[in-house]
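Residue numbers (UniProt numbering): 1 to 196.
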Amino acid sequence: MAEALNSTALATLFTAARTYNGWQDRPVSDQQLAELYDLIKMGPTSANCSPARFCFVRSAEGKAKLKPALSSGNLEKTLTAPVTAIVAWDPAFYEQLPTLFPHADAKAWFTSSPALAEETAFRNSSLQAAYLISACRALGLDTGPMSGFDRAMVDTTFFADSGWKSNLLVNIGYGDASKVYARLPRLAFADACTLV
């Protein structure tokens, strides 16, 4: 059984964590990104399907390719972030299931139902995006997750060969605390939860 985290760890992951809109001029190394993925991949997904695919955009050339797909409100914070992760999903994720889930013929669950495959891939890649954010925070990195981009353009520009489909973007780096908005309210338990 896992032990509860202490208040410092909970603050890092949740209560003191923020969405960053500005970045310090500090790089994020390829080694850090590999370490990050080694944490993300351990998070559970349904039938261990692991449909998320991650494109870490970190070069000037990569940012130039991403720029036309960004909404105006996301331009500066994305172009100045050391890394922007395009969290995508692989429509053919089920091809890996004989290896990832050898307990049953899980591949057949999805090859017989394209709608189920798409729903599963999108849902679980969203879950893996949350693991990405938590793993970044656990490793001392800050994040800025966002929508506000042209998915079709990103898919054509970055995933024409693979067929992957973009889900969301997550800027990654060391946040500039001077560019953080004031903490916004959250819903109370009674407003967001029911007990049955």
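C-beta: ideal position from N, C-alpha, C; glycine also.
Bear in mind the structure is a predicted one, so any value in this text is a computation, not a measurement.
Check your understanding: How should Ala106 be labelled, buried or exposed, when 16 other C-beta atoms within 10 angstroms of its C-beta is the threshold for buried?
Key -> Sequence index remark: in the sequence shown, residue 106 carries index 106 (1-based). Buried.
Exercise for review: Identify which residue in Ala135, Leu70, Ala4, Thr19 has its Cα closest to the Cα of Val180.
Suggested key: As a working note, residue 180 is residue 180 in the sequence shown. Cα-wise, what sits closest to Val180 is Thr19.
Point to revise | CA nearest to the CA of Leu39, picked from Ala64, Ile133, Ala117, Lys77 | key: Indexing the sequence shown from 1 puts residue 39 at position 39. If we check each option's Cα against that of Leu39, Ile133 comes out closest.
Review point. Taking the continuous alpha helix (DSSP H) assigned at Leu168, which residues delimit it?
Key: Here residue 168 corresponds to residue number 168 of the sequence shown, with the count starting at 1. No alpha helix (DSSP H) holds Leu168; the beta strand (DSSP E) holding it covers 165-173.
Exercise for review: Take every Cβ of the region 61-80, pair it with every Cβ of the region 88-103, and state whether three or more of those distances are shorter than 8 Å.
Suggested key: no
**Study point:** Integer-rounded CB distance, given that Leu169 should sit under 8 Å from Thr111
**Key:** Locating residue 111 in the sequence shown gives position 111, where the first residue counts as 1. Locating residue 169 in the sequence shown gives position 169, where the first residue counts as 1. Not a contact, Cβ separation roughly 30 Å.
Practice item. Determine the contact status of Gly144 and Asn171, defining contact as a CB-CB distance below 7 Å. Key: Your numbering for residue 144 matches position 144 in the sequence shown. Your numbering for residue 171 matches position 171 in the sequence shown. Yes. Within cutoff.
Exercise for review: Determine which residues share a DSSP beta bridge with Pro145 and list them.
Suggested key: Locating residue 145 in the sequence shown gives position 145, counting from the first residue. Bridge partners of Pro145: Val170.
Review point. To the nearest whole angstrom, what separates the beta carbons of Cys55 and Phe158, a pair I think is in contact under 8 Å?
Key: In the sequence shown, the residue the question calls residue 55 occupies position 55. In the sequence shown, the residue the question calls residue 158 occupies position 158. A Cβ-Cβ separation of about 6 Å places Cys55 in contact with Phe158 under the 8 Å criterion.
Review point. If you draw a straight line from the alpha carbon of Asp25 to that of His103, how long is it in whole angstroms?
Key: As a first step, residue 25 is located in the sequence shown; it is residue number 25 there, counting from the start. As a first step, residue 103 is located in the sequence shown; it is residue number 103 there, counting from the start. Answer to the nearest angstrom: the Cα atoms are 47 Å apart.
Review point. Relative to the C-alpha of Glu119, which residue among Thr12, Leu36, Glu35, Pro51 is closest?
Key: As a position in the sequence shown, residue 119 is number 119, starting the count at 1. The candidate whose alpha carbon is nearest that of Glu119 is Pro51.
Point to revise | Residue interval of the alpha helix (DSSP H) (run including Ala64) | key: Here residue 64 corresponds to residue number 64 of the sequence shown, with the count starting at 1. Ala64 -> alpha helix (DSSP H) spans 60-66.
**Study point:** Cα-Cα separation between Ala115 and Thr8, rounded to whole angstroms
**Key:** Your numbering for residue 115 matches position 115 in the sequence shown. Your numbering for residue 8 matches position 8 in the sequence shown. Whole-angstrom Cα-Cα distance: 42 Å.
Point to revise | Leu141 CB to nearest heavy atom of the ligand SAM below 6 Å | key: Of ligands this structure carries none, so the ligand SAM is not represented either.
Exercise for review: Leaving out five residues on either side along the sequence, give the residues of the same chain with a beta carbon under 6 Å from the beta carbon of Ala17.
Suggested key: Indexing the sequence shown from 1 puts residue 17 at position 17. These residues qualify, in order along the chain: Arg137.
**Study point:** Selected residue, minimal CA-CA separation from Thr84, among Pro185, Pro44, Ala108, Asp142
**Key:** Locating residue 84 in the sequence shown gives position 84, counting from the first residue. Of Pro185, Pro44, Ala108, Asp142, the residue nearest in Cα terms is Asp142.
**Study point:** Identified DSSP bridge partners for Ile86
**Key:** Start at 1 with the first residue of the sequence shown, and residue 86 comes out as number 86. Cys55, Leu169, per the DSSP bridge assignment.
Exercise for review: Could you tell me the distance, in whole angstroms, from the CA atom of Arg123 to the CA atom of Met153?
Suggested key: Residue mapping note: residue 123 aligns to position 123 of the sequence shown, counting from 1. Residue mapping note: residue 153 aligns to position 153 of the sequence shown, counting from 1. If I take the Cα positions, the gap works out to 21 Å.
Practice item. May I have the straight-line CA-CA distance separating Ala190 from Lys67, to the nearest angstrom? Key: Along the sequence shown, one-based indexing puts residue 190 at 190. Along the sequence shown, one-based indexing puts residue 67 at 67. Each residue's Cα considered, the two are about 41 Å apart.
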